[in-house]
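Taken in order, these protein sequences are the chains called W and S. To convert, take the position in the first sequence, counting from 1, and add 518; that gives our numbering. To convert, take the position in the second sequence, counting from 1, and add 266; that gives our numbering. Scroll down for the structure; my scribbles are underneath it.
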Amino acid sequence: MPGVKTTVIEVRTSPHLHGPLSVDKIMRHVVYALLPIAAFSVWNFGISAGVLLAFTTLGCVLTEHVTCRLNGNRSTVNDYSAAITGLLLGLTLPPGFPLWMAAIGCLVAIAPGKLLFGGLGSNVFNPALVGRAFLQAAFPVAITNYTPALANGRFWEFIPSSLALPLMKSAPLNDWIAQVRVDGFTGATPLVLLKFDRIYSDPWPMFWGQRAGSSGEMPGFLILLCGGYLVVRHMMDWRIPVAMLSGAAVSGWVFHLLNPTAYPDPLFTLFTGGLLLGATFMATDPVASPVTPRGMWVYGVLMGVLTVLIRNLGGLAEGVMYAILLGNALSPLIDRLTPPRPYGARKPAGAI
Amino acid sequence: MSLFGTKRLWRGVHVPEHKEQTAHLPIRRLPFPPLLIVPLSQHAGKPAKAIVREGQEVVRGEPIAEADGFMSVPMHAPATGRVERIAPAPSARGELTTAIYIRAYPGASQEVLYGSDQDITQMTPDQVIAAVQATGVVGLGGAAFPTHVKLKPPQGRTVDTVVVNGCECEPYLTTDHRIMVEYPKQVLHGTRVVMRALGVERAVIGVEDNKPDAIAALLQANADRPDIKIEPVVARYPQGAEKMLVKVLLGREIPSGGLPADVGLAVFNVATLAQIGDLLPTRQGLIERVVTVTGPAVSKPGNYLIPLGTPLRWVLEQAGCTDQAASIILGGPMMGPSVGSFDIPLTKGVTGVLVLPKKDPPTVYPCIHCAACVDVCPLHLDPSHLGLLARKDRYQDMEEIYHLNDCFECACCSYVCPANIPLVQYFRVAKQMNRERKAR
Chain W
519 MPGVKTTVIE
529 VRTSPHLHGP
539 LSVDKIMRHV
549 VYALLPIAAF
559 SVWNFGISAG
569 VLLAFTTLGC
579 VLTEHVTCRL
589 NGNRSTVNDY
599 SAAITGLLLG
609 LTLPPGFPLW
619 MAAIGCLVAI
629 APGKLLFGGL
639 GSNVFNPALV
649 GRAFLQAAFP
659 VAITNYTPAL
669 ANGRFWEFIP
679 SSLALPLMKS
689 APLNDWIAQV
699 RVDGFTGATP
709 LVLLKFDRIY
719 SDPWPMFWGQ
729 RAGSSGEMPG
739 FLILLCGGYL
749 VVRHMMDWRI
759 PVAMLSGAAV
769 SGWVFHLLNP
779 TAYPDPLFTL
789 FTGGLLLGAT
799 FMATDPVASP
809 VTPRGMWVYG
819 VLMGVLTVLI
829 RNLGGLAEGV
839 MYAILLGNAL
849 SPLIDRLTPP
859 RPYGARKPAG
869 AI
Chain S
267 MSLFGTKRLW
277 RGVHVPEHKE
287 QTAHLPIRRL
297 PFPPLLIVPL
307 SQHAGKPAKA
317 IVREGQEVVR
327 GEPIAEADGF
337 MSVPMHAPAT
347 GRVERIAPAP
357 SARGELTTAI
367 YIRAYPGASQ
377 EVLYGSDQDI
387 TQMTPDQVIA
397 AVQATGVVGL
407 GGAAFPTHVK
417 LKPPQGRTVD
427 TVVVNGCECE
437 PYLTTDHRIM
447 VEYPKQVLHG
457 TRVVMRALGV
467 ERAVIGVEDN
477 KPDAIAALLQ
487 ANADRPDIKI
497 EPVVARYPQG
507 AEKMLVKVLL
517 GREIPSGGLP
527 ADVGLAVFNV
537 ATLAQIGDLL
547 PTRQGLIERV
557 VTVTGPAVSK
567 PGNYLIPLGT
577 PLRWVLEQAG
587 CTDQAASIIL
597 GGPMMGPSVG
607 SFDIPLTKGV
617 TGVLVLPKKD
627 PPTVYPCIHC
637 AACVDVCPLH
647 LDPSHLGLLA
657 RKDRYQDMEE
667 IYHLNDCFEC
677 ACCSYVCPAN
687 IPLVQYFRVA
697 KQMNRERKAR
């Protein structure tokens with residue numbers, strides 16, 4: 519044909535333009551956002567935390583790759599979601615957590631926690647928390663063995679429990695803690711101290727990151743900053759963390775008003791027990807959270823309140839993990855009960 | 267009076283506008299093609315009935331097909347020439363439709379010698395409606411709904427305000443923009459014609475504030491008349507959709523499955539009203555329209571006045587379609603269909619011809635429930651669940667529980683979806699499957 523040199527016309531469906539975001543880009547940026555927290559963790563807890571985080575990340579990626587291949591599918595590690603799961607799992611474990619146990623956590627998080635449900639997009643629960651819940655049930659002692667932050671020699675010496683051999687008793691931690699700790703730093707987390715020893719600690723060091731705890735639950739300011747980055751880039755939903763933190767703060771405050779000696783103030787509630795990390799990076803896992811706008815608020819507040827109820831009334835010192843897992847389980851139901859009202863609806867929108 | 271909007275659409279998306287390629291270019295005429303193909307169905311409703319025979323000579327502007335009932339409009343000869351045949355022709359939708367082929371006389375001056383003066387102020391509303399129908403004007407914003415039908419609200423409905431749509435929120439398109447800049451008087455005159463036919467005192471023209479020159483031109487042309495209000499709105503897609511614009515401007519929601527008349531409104535596109543304002547006083551018919559021909563693969567983009575029935579091939583040749591062209595879209599990039607033939611004639615509803623270069627299909631990931639689609643849906647639907655149901659062929663549930671039929675396919679959901687799921691295409695298929703199921 520004269521003039522028009524095209525010989526092939528591509529017939530596509532509209533829209534013919536696409537926005538800037540894609541799944542792998544979002545996931546990659548979540549990894550970027552977690553890296554500063556991981557770096558701080560290494561500064562806080564030393565080589566043990568660094569090796570633990572690298573180990574869980576590689577473990578999850580490897581598990582995903584191998585499982586996909588064993589199933590005869592294309593490997594899905596390119597979407598970076600397994601790397602996020604690995605990083606998050608590592609960040610929720612104590613820095614001196616035995617590596618062989620962490621390996622089991624990676625296996626459980628990815629194989630049954632994610633791929634058994636159908637892989638990315640189909641998992642009911644946050645895979646990292648599935649892994650951690652399994653570890654909590656299987657190794658209740660190891661997962662509560664916290665070591666102090668800023669220990670002497672942390673950059674060249676492993677925490678003894680890290681390198682424990684599988685199924686062997688590790689070296690007693692208490693002797694080591696007594697030997698390396700800097701004055702004023704203890705191995706117990708503020709929530710454990712409060713719950714079992716009735717010792718109240720100032721929450722602000724948690725926010726700035728100098729207390730014992732899981733490798734990535736501090737520092738609060740950095741977690742909020744990294745989450746803020748994702749929100750600004752439209753890669754994370756701000757409503758869920760805001761709802762969860764307010765739910766926890768308000769319900770914690772009610773408890774505190776009722777009995778100020780037994781229950782901590784809202785700031786303590788917010789800054790301890792990995793609530794900031796959980797609310798910012800785990801509750802917001804899009805796959806396991808509701809999609810309706812009202813549903814997100816309900817979901818967030820519910821998890822916040824559950825966290826406080828578990829901490830204050832339950833037998834556990836920490837409640838974030840189970841609160842999020844419960845919220846995950848409820849999110850399809852929440853979606854169903856909170857349908858948005860469509861434009862021009864003639865009668866209130868009904869659920870199924 | 268500010269040129270910047272305070273009212274805005276809260277949902278929807280901000281799409282890069284890409285309008286700079288043609289926004290400053292004045293409307294120019296494209297040379298006449300040697301052969302014009304005038305389909306009898308260029309509008310929503312019943313096709314027109316041909317009143318010419320093969321071999322007959324026609325004069326530009328002369329009626330060549332008459333309206334078949336109230337839900338139909340006549341056609342007029344877009345060029346002086348000879349009716350070569352009346353035969354099926356390809357259409358943008360893919361199916362063949364009957365068309366009148368006119369071989370244009372190469373020597374003809376192509377002046378419009380048809381028509382006679384009429385004074386609208388002396389006419390009753392019903393006469394105005396008949397006169398509008400006789401012009402063959404339909405919604406030129408893309409829907410091609412017969413304009414005169416909107417001037418007769420259904421029984422029991424009264425219209426109190428005319429809404430004029432000058433948003434043109436689709437990227438790349440600048441036809442409405444140029445019409446408002448160059449023909450503001452015609453737009454205002456057309457507005458007064460429809461106000462008269464409907465017997466209303468108030469009209470609002472909504473213009474997105476990315477077109478300050480259009481707003482200024484309208485304000486200047488309307489300087490001393492308070493009956494028509496020109497309202498800048500903050501630019502955002504899909505504000506030009508009828509349902510969105512009436513909500514933004516007047517806070518009214520057209521009920522699901524209903525008409526603007528259900529909330530006392532009648533909505534017209536600026537290009538439609540400019541044509542009415544231009545054609546009605548001289549009793550002429552719609553024979554040409556402004557089409558934006560643009561895109562990265564066009565060397566001479568512009569806003570062209572194109573005779574209806576001009577084949578796409580002619581337009582692309584004249585506008586200098588380059589060899590990187592791969593995909594040809596009639597209308598805007600968000601909602602316009604991509605066509606599979608160069609022999610499609612441009613009809614009354616074509617707002618633009620967009621030529622895009624080759625693009626590899628994106629990787630489709632599973633839905634990660636990120637809710638981006640839910641947050642942008644201007645109709646507050648749940649595209650996320652609709653998409654998941656579509657994958658399971660649960661088309662009936664999509665309609666009955668998730669309001670599928672309210673969706674007007676603005677494609678915001680597909681645009682933002684990070685998993686590249688073709689949501690809006692799923693919805694088109696689902697609607698079609700539901701129609702077929704009901705027809706059985």
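Glycine included, every Cβ here is placed at the ideal spot set by N, Cα and C. If you're wondering where the values come from, they're calculated on a predicted model, not measured in any experiment.
How many whole angstroms separate the CB atoms of residue 287(S) and residue 567(S), which I take to be in contact at a CB cut-off of 8 Å?
If you number the second sequence from 1, residue 287(S) lands on position 21. If you number the second sequence from 1, residue 567(S) lands on position 301. The pair is a contact, with the Cβ atoms about 5 Å apart (cut-off 8 Å).
Tell me the DSSP secondary structure of residue 558(S) in three-state form.
Residue numbering aside, residue 558(S) sits at position 292 when the second sequence is read from its first letter. Three-state result, residue 558(S): strand.
Quick check: the Cα distance between residue 656(S) and residue 664(S), rounded to an integer number of angstroms?
Reading the second sequence from its first residue, position 390 is the one you call residue 656(S). Reading the second sequence from its first residue, position 398 is the one you call residue 664(S). Rounded to whole angstroms, residue 656(S) to residue 664(S) spans 7 Å at the Cα level.
Looking at the strands, I want to know which residues DSSP matches up with residue 587(S).
The count along the second sequence starts at 1 and reaches residue 587(S) at position 321. According to DSSP, which records beta bridges pairwise, residue 587(S) is partnered with 564(S).
Are residue 505(S) and residue 278(S) touching if we call contact CB-CB under 8 Å?
Residue mapping note: residue 505(S) aligns to position 239 of the second sequence, counting from 1. Residue mapping note: residue 278(S) aligns to position 12 of the second sequence, counting from 1. Yes. Within cutoff.
Whole-angstrom Cβ separation of residue 368(S) and residue 304(S), contact assumed at under 8 Å?
Along the second sequence, one-based indexing puts residue 368(S) at 102. Along the second sequence, one-based indexing puts residue 304(S) at 38. Indeed they touch by this definition, with Cβ atoms about 6 Å apart.
Determine, using beta carbons only, whether residue 884(W) comes closer than 8 Å to chain S.
Because residue 884(W) is not part of the residues shown, which for chain W are 519 to 870, the question remains open.
Which term fits residue 382(S), buried or exposed, when burial requires 16 or more other beta carbons within 10 angstroms of its beta carbon?
Residue 382(S) sits at position 116 when you count from the first residue of the second sequence. It counts as exposed.
Which residues in chain W have a C-beta closer than 7 Å to the C-beta of residue 634(S)? List them in chain order.
Here residue 634(S) refers to the residue found at position 368 when the second sequence is read from its first residue. By Cβ distance, chain W contributes 541, 638, 639, 804, 805.
Along the stretch 659–678 of chain S, what residues have a CB closer than 7 Å to any CB found in chain W?
Result list: 667, 669, 672, 677.
When you compare only the Cα positions, how much space is there between residue 595(W) and residue 624(S)?
Position 77 of the first sequence, counting from 1, holds the residue named residue 595(W). Position 358 of the second sequence, counting from 1, holds the residue named residue 624(S). Approximately 29 Å, taken between the alpha carbons.
Identify every residue that forms a DSSP beta bridge with residue 503(S).
As a position in the second sequence, residue 503(S) is number 237, starting the count at 1. Beta-bridge pairing links residue 503(S) to 279(S).
Going by CA-CA distance only, name the one from 760(W), 678(W), 750(W), 845(W) that's closest to residue 570(W).
Counting from 1 along the first sequence, the entry for residue 570(W) is found at position 52. Per the Cα distances, 678(W).
Using 8 Å as the threshold, is the C-beta distance between residue 708(S) and residue 554(S) below it?
No answer is possible for residue 708(S): the residues shown for chain S start at 267 and end at 706.
Rounded to a whole number of angstroms, what is the C-alpha to C-alpha distance between residue 688(S) and residue 807(W)?
On the second sequence, position 422 is the one that residue 688(S) refers to. On the first sequence, position 289 is the one that residue 807(W) refers to. The alpha-carbon atoms of residue 688(S) and residue 807(W) are separated by roughly 22 Å.
Answer yes or no: does any C-beta atom of chain W fall closer than 8 Å to that of residue 648(S)?
Here the question's residue 648(S) lines up with position 382 in the second sequence. Chain W contact via Cβ: present.
List, from N- to C-terminal side, the alpha helix (DSSP H) runs of 4 residues or more that fit wholly inside the stretch 694–730 of chain W.
The stretch 694–730 of chain W contains these whole alpha helix (DSSP H) runs: 708–715, 722–726.
Would you kindly work out how many angstroms separate the C-alpha atoms of residue 392(S) and residue 463(S), rounded to a whole number?
Against the second sequence, residue 392(S) aligns to sequence position 126. Against the second sequence, residue 463(S) aligns to sequence position 197. Distance between the alpha carbons of residue 392(S) and residue 463(S): 7 Å.
Do residue 737(W) and residue 727(W) have their CB atoms nearer than 8 Å?
The residue given as residue 737(W) occupies position 219 in the first sequence. The residue given as residue 727(W) occupies position 209 in the first sequence. Going by C-beta atoms, residue 737(W) is nearer than 8 Å to residue 727(W).
The stretch 585–605 of chain S: which residues have C-beta closer than 9 Å to a C-beta of chain W, in chain order?
Per Cβ criterion, the list reads 586, 587, 588, 589, 590, 591, 592, 593, 594, 595, 597, 598, 599, 600, 601, 602, 603, 604, 605.
Can you give, in chain order, each stretch of the alpha helix (DSSP H) that sits fully within the stretch 451–513 of chain S and has at least 4 residues?
The stretch 451–513 of chain S contains these whole alpha helix (DSSP H) runs: 478–487.
Where does residue 870(W) land, buried or exposed, given buried means 16+ other C-beta within 10 angstroms?
Taking the first sequence and counting its residues from 1, the one referred to as residue 870(W) is at position 352. Note that residue 870(W) scores a pLDDT of 42, beneath 50, so its modelled location is shaky and nothing firm can be said.
So which of 662(W), 825(W), 577(W), 616(W) has the shortest CA-CA distance to residue 626(W)?
Stepping through the first sequence from its first residue, residue 626(W) is reached at position 108. Nearest option by C-alpha distance: 577(W).
Would the stretch 551–570 of chain W count as touching the stretch 636–648 of chain S if we require 3 or more Cβ pairs under 8 Å?
Flag = no, the stretch 551–570 of chain W and the stretch 636–648 of chain S do not touch.
Going by DSSP, name the residue or residues bridged to residue 569(S).
In the second sequence, counting from the first residue as 1, residue 569(S) sits at position 303. DSSP, once it has assigned bridges, lists 558(S) as partnering residue 569(S).
Residue 522(S) CB to nearest chain W CB: under 8 Å?
The residue given as residue 522(S) occupies position 256 in the second sequence. Yes, its Cβ sits closer than 8 Å to a Cβ of chain W.
What are the start and end residues of the alpha helix (DSSP H) that includes residue 828(W)?
One-based indexing of the first sequence puts residue 828(W) at position 310. First-last of the alpha helix (DSSP H) with residue 828(W): 811–831.
Is the Cβ of residue 624(S) closer than 8 Å to any Cβ of chain W?
Residue mapping note: residue 624(S) aligns to position 358 of the second sequence, counting from 1. Closer than 8 Å to some Cβ of chain W, the Cβ of residue 624(S) qualifies, so yes.
Consider the Cβ of residue 495(S): report whether some Cβ of chain W lies at a distance smaller than 8 Å.
Within the second sequence, residue 495(S) is the residue found at index 229, counting from 1. Closer than 8 Å: no.
Rank 635(S), 606(S), 507(S), 586(S) by C-alpha distance to the C-alpha of residue 846(W) and give the top, closest one.
Counting from 1 along the first sequence, the entry for residue 846(W) is found at position 328. Nearest option by C-alpha distance: 635(S).
Tell me, please, whether the CB atom of residue 585(W) is closer than 8 Å to any CB atom in chain S?
Taking the first residue of the first sequence as 1, we reach residue 585(W) at position 67. Residue 585(W) does not count as touching chain S.
Skipping 5 residues on each side, what residues in its chain have a beta carbon closer than 6 Å to that of residue 681(S)?
Counting from one through the second sequence, the residue named residue 681(S) turns up at place 415. Hits under 6 Å: 279.
Suppose contacts are defined by Cβ-Cβ distances below 8 Å. Is residue 338(S) in contact with residue 412(S) by that definition?
For the purposes of this step, residue 338(S) is taken as the residue at position 72 of the second sequence. For the purposes of this step, residue 412(S) is taken as the residue at position 146 of the second sequence. Result yes, Cβ atoms of residue 338(S) and residue 412(S) sit closer than 8 Å.
Do you know how far the Cα of residue 678(S) is from the Cα of residue 622(W)?
Translated into positions along the first sequence, residue 622(W) becomes position 104. Translated into positions along the second sequence, residue 678(S) becomes position 412. C-alpha separation (whole angstroms): 43 Å.
On a Cα-Cα basis, can you pick out the residue from 826(W), 834(W), 816(W) that is closest to residue 855(W)?
For this step, residue 855(W) is matched to residue 337 along the first sequence. Answer by Cα proximity: 816(W).
Please identify, using Cβ separations under 8 Å, the residues of the stretch 535–566 of chain W that lie next to chain S, in order along the chain.
The stretch 535–566 of chain W vs chain S, Cβ under 8 Å: 535, 536, 537, 539, 540, 541, 542, 543, 544.
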